[in-house]
Amino acid sequence: MAKKASRISELWDGVDPQGRDVRYAAYFHHFNREDYYEAHDVLESLWLEEGRKARGAGFYQGLIQLAGAFVHLRKHFEHPGHRVHRQRLAPAYRLLDLAEKNLAGYGKEWEGVRLEGIFKLAKEMKTALSSGEFQSNPWSPRHGPKLELPKRPN
Numbered sequence: 112m113a114k115k116a117s118r119i120s121e122l123w124d125g126v127d128p129q130g131r132d133v134r135y136a137a138y139f140h141h142f143n144r145e146d147y148y149e150a151h152d153v154l155e156s157l158w159l160e161e162g163r164k165a166r167g168a169g170f171y172q173g174l175i176q177l178a179g180a181f182v183h184l185r186k187h188f189e190h191p192g193h194r195v196h197r198q199r200l201a202p203a204y205r206l207l208d209l210a211e212k213n214l215a216g217y218g219k220e221w222e223g224v225r226l227e228g229i230f231k232l233a234k235e236m237k238t239a240l241s242s243g244e245f246q247s248n249p250w251s252p253r254h255g256p257k258l259e260l261p262k263r264p265n
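So the mapping is simple: the numbering used here equals the position in the sequence shown, first residue as 1, plus 111.
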């Protein structure tokens, strides 16, 4: 476990937390760099530490699932013919759906994040996946979505 904790702590080197937990800030940093696996891992460490039943746990879980969906999309894009990776589009859809469900209880904004943009992103990606009958990947490198790290109010 210490080895994983050490690796996780490396994920926020150089990240400006802007008054928030550095792991929360690192999630946005890595997501925007299209390092979705790292975004997932770093926020998962915060979610696990704070407890799955803590206030806001579903919010973190939704963001973790969002990043997880993009892990699937990226792996599929990079290795579309691979026996495992070619089957990642349906799991990406399911994670996007779970992310929406987990975030739905947090109103229009939570922890400074305007959730309407995330809902729009999830819906657009799900629509593209289902209309392509899970054969076409709507994600491509360097054109991935960006999430803004909200500043903590003073």
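Idealized CB from N, CA, C, for every residue including glycine.
Put simply, the backbone Cα of Gly-192 is about 34 Å away from that of Gly-169. Fewer than three pairs of CB atoms, one per stretch, sit closer than 8 Å, so the region 215-222 makes no contact with the region 232-247. Shown here, Arg-166 sits in coil according to DSSP, grouped into three states, outside any helix or strand. Burial is judged here by how many other beta carbons sit within 10 angstroms of a residue's own beta carbon; Ser-156 has at least 16 and is buried.
In the three-state DSSP reduction, Val-182 falls in the helix class (H, G or I). In terms of Cβ geometry, Ala-210 and Leu-184 do not form a close pair [threshold 9 Å].
Here Arg-225 is bridged, per DSSP, to Glu-220. If you draw a straight line from the Cα of Ala-180 to the Cα of Met-236, it is about 10 Å long. Contact check for Val-182 against Tyr-204 fails: the beta carbons are separated by 9 Å or more. Burial of Glu-149 is indicated by the presence of at least 16 other C-beta atoms within 10 angstroms of its C-beta. In the three-state scheme derived from DSSP, where H, G and I count as helix and E and B as strand, His-254 is classed as coil.
Closest option to Pro-249, judged by alpha-carbon separation, among Pro-256, Leu-240, Lys-257: Leu-240.
Straight through space, the alpha carbons of Arg-166 and Phe-139 are spaced by roughly 20 Å. The beta carbons of Ala-136 and Leu-260 sit closer together than 9 Å. A distance below 7 Å between beta-carbons, with the five flanking residues on each side excluded, links Leu-174 to the following residues of its chain, in chain order: Tyr-138, Leu-154.
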